[in-house]
Ligand code: HEM
Ligand code: FES
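Chains as they are written, first to last, in the working numbering: chain A, 1006 to 1189; chain B, 105 to 526.
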């Protein structure tokens, strides 16, 4: 180790010297320093402050009729708002948890049963599932159908069939009054 | 590098004495000794190099008119096509150039597979080639996002979402890649920055690739080592002229597409501006990614507690990573498939398998395409991990010729690396 760097005649090849210690210590400090210096570069690629600031969207629910679905944009992604019918609510509540890929009761996915609010991005690879327009296919479970690789979601936005691993994400939202919500 | 030549021109001599660049060019491009039996499959390396230069050249001129912003990117590309002088030519050369680059490189790789060019002492040369392939794939993927059409946007969305399969940190990595909560302006900007950078990294990798090549020199169709100057000819004029002829033929094909079928390899959906609210019914990547896309989608079931998505992603990257280990998976000491009766058949089967994967990747995963993709994926890995290691022991190679000259010019007449008839 100390072979080439050594100037002292006493040091022998396989002997551990103070010089070795200094070399390793210096190298370690340099490596840690390089890693720390890399962080600003890496972090600069994370969402910027203004991107984060755009992070909430207000929605007026009053015009949405029972059985109607609307799409709003939140953080550049579609959010599905579904004014569910009683039948759809019943269907969602009736499913036994052991039949679900990603088990979650309907009550854990809604604040008010008639309003289902989910991010309209397939949890497989990010396509937008069909089902928002009356003419769209809604899949085998009456919710949404992702055409990209064939994932079926039910009336609670839960994954029932196909390659997607998880339920449609429920975004954070609060009801302002009975008829408005703020997402994010 | 050869000892410095003496140059007649005094300016050349003066420079060469201080920076032996002329000696180097002479040693690597003119006097450079090359096996005398190379066939046309050896043209594809120089073609790949020329494609890289064309891509950088057309790319830089496109960059002078392109705007990397979600509000203007699509429009700026349309402006390049309609208003910029010869903009259509630059773009069509760049677009079709990417396809040609991959065709050339894939042929180059299969040439290496057939003639065993990855075997000692050329393992590192091969590995550098695999890194070049990876860098090319990253470059082409990010380039395809730049025109900001529907396929640009949704291709980027699907592929970046792959990283969400990574346990625990997956979603944070995807957010980091996007610089936001979806593919958006920050994503487009960074992809443009990387798309500009990576080709120059490829350039550096190609330099190392050639450096490694020139240490042990080219392999050849017989796969045996050169035994001396009688087995070689100088690169210039013999292979410069052969490469130039090959380039002519290649340009007819390439420019044929540019002028007569410029959108042959493209997707019509990419002439629709990106719309983050509408997914096109059938997302397909560019043709050169189809086999890998098929591998990604082959796994439709969880294995034990590992989710299907994670396995698919791992296998997709694994299908290229496995190439890095090829020199140690195929232990047969014989390089060329000409003398390996069994390997030769498995080589063709493997090639067919890659086409089947490509077809499976291009169809929606329905009906028969599901199991076809799965079987072809299994065979892809079996070829490398089972068949090649077994063949190394089971196969009885044919008798190798004693030298290139003995096989190619048995009469003893030929031209040696010194350039004189012997
Ligand atoms: C390894 C070399 C390269 C490959 C494989 C490659 C690949 C691609 C691809 C596939 C596209 C999309 C074409 C389309 O559908 O419109 C593209 C676009 C683009 N590339 Fe490259 N590229 C390379 C080098 C470069 C370089 C060095 C630059 C220089 C800045 C560049 C600048 C651009 C620009 C500005 C666009 C957008 C305009 C357009 O879409 O036609 N490229 N590239
Ligand atoms: S992205 Fe929806 S099924 Fe693959």
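Where is the CB? At the ideal position from N, CA and C, for every residue including glycine.
- About 6 Å separates the beta carbon of residue 239 of chain B from that of residue 302 of chain B, a gap short enough to meet the 8 Å contact definition.
- DSSP places residue 1150 of chain A in the uninterrupted beta strand (DSSP E) bounded by 1147 to 1151.
- Annotation for residue 380 of chain B: 257 and 286 place their beta carbon closer than 7 Å to its own, counting only its chain and skipping 5 residues before and after.
- For residue 454 of chain B and residue 1064 of chain A, the gap between their C-alpha atoms comes out near 56 Å.
- Judged by DSSP secondary structure, residue 1135 of chain A falls outside any beta strand (DSSP E); it is assigned neither H nor E.
- One finds 1168 and 1170 in chain A with Cβ atoms closer than 9 Å to the Cβ of residue 412 of chain B, taken in chain order.
- Taking C-beta atoms as the reference points, residue 384 of chain B and residue 254 of chain B count as a pair closer than 7 Å.
- Note on the stretch 346 to 416 of chain B: whole alpha helix (DSSP H) runs with a minimum of 4 residues are 394 to 402, in chain order.
- In this structure, the beta-carbon distance from residue 246 of chain B to residue 299 of chain B falls below 7 Å.
- Taking a beta-carbon distance threshold of 7 Å, residue 407 of chain B does not count as an interface residue toward chain A.
- Residue contact check for residue 1131 of chain A against chain B: a CB pair falls below 7 Å.
- Taking 6 Å as the cut-off, one finds no heavy atom of the ligand FES near enough to the beta carbon of residue 1088 of chain A.
- CA-to-CA, the gap between residue 163 of chain B and residue 259 of chain B works out to about 21 Å.
- Rounded to whole angstroms, the separation of the alpha carbons of residue 368 of chain B and residue 356 of chain B is 16 Å.
- Taking 9 Å as the Cβ-Cβ cut-off, the stretch 1080 to 1114 of chain A approaches chain B at 1080, 1081, 1082 and 1083, given in chain order.
- Secondary structure at residue 1158 of chain A: strand, using DSSP grouped into helix, strand and coil.
- Setting aside the 5 residues that flank it on each side, residue 413 of chain B is surrounded in the same chain by 269, each with a C-beta closer than 6 Å to its C-beta; the list follows chain order.
- Per DSSP, the unbroken alpha helix (DSSP H) holding residue 313 of chain B starts and ends at 289 to 320.
- Residues of chain B with a Cβ closer than 8 Å to the Cβ of residue 1152 of chain A are, in chain order, 383, 385 and 386.
- Proximity of the beta carbon of residue 1130 of chain A to the ligand FES is indicated: a heavy atom of the ligand is located closer than 6 Å.
- It is roughly 14 Å from the alpha-carbon of residue 140 of chain B to the alpha-carbon of residue 134 of chain B.
- Using a 10 angstroms sphere on the CB of residue 168 of chain B, the tally of other CB atoms stays under 16, which defines it as exposed.
- Taking a Cβ-Cβ threshold of 9 Å, the residues of chain B close to residue 1052 of chain A are 279, 280, 282, 283, 284, 285 and 290, in chain order.
- Secondary structure of residue 455 of chain B (DSSP, three-state): helix.
- Checking the 6 Å criterion, the Cβ of residue 1156 of chain A is within range of a heavy atom belonging to the ligand FES.
- Residue 252 of chain B: not part of any alpha helix (DSSP H); DSSP gives it neither H nor E.
- Buried is the label assigned to residue 282 of chain B, since at least 16 other Cβ atoms lie within 10 Å of its Cβ.
- Looking only at B/461, B/179, B/382 and B/465, the smallest Cα-Cα distance to residue 250 of chain B is reached by B/179.
- By the C-beta density criterion, residue 1112 of chain A is exposed, having fewer than 16 other C-beta atoms within 10 angstroms.
- Check the Cα spacing between residue 509 of chain B and each of B/324, B/124 and B/485: the tightest is with B/324.
- With a 10 Å radius around the Cβ and a threshold of 16 neighbouring Cβ atoms, residue 420 of chain B comes out buried.
- Using beta-carbon distances, residue 265 of chain B counts as an interface residue toward chain A, with a partner under 7 Å.
- Contact between the stretch 1084 to 1104 of chain A and the stretch 1115 to 1122 of chain A is present: three or more C-beta pairs spanning the two stretches fall below 8 Å.
- The beta carbon of residue 120 of chain B sits closer than 8 Å to those of 108, 109, 111, 126 and 127, all from its chain and outside the five residues before and after it, given in chain order.
- Against chain B, a Cβ distance below 8 Å from residue 1076 of chain A picks out 381.
- Take residue 289 of chain B, set aside five residues on each side of it, and the residues of its chain with a beta-carbon closer than 7 Å to its own are 173 and 174, in chain order.
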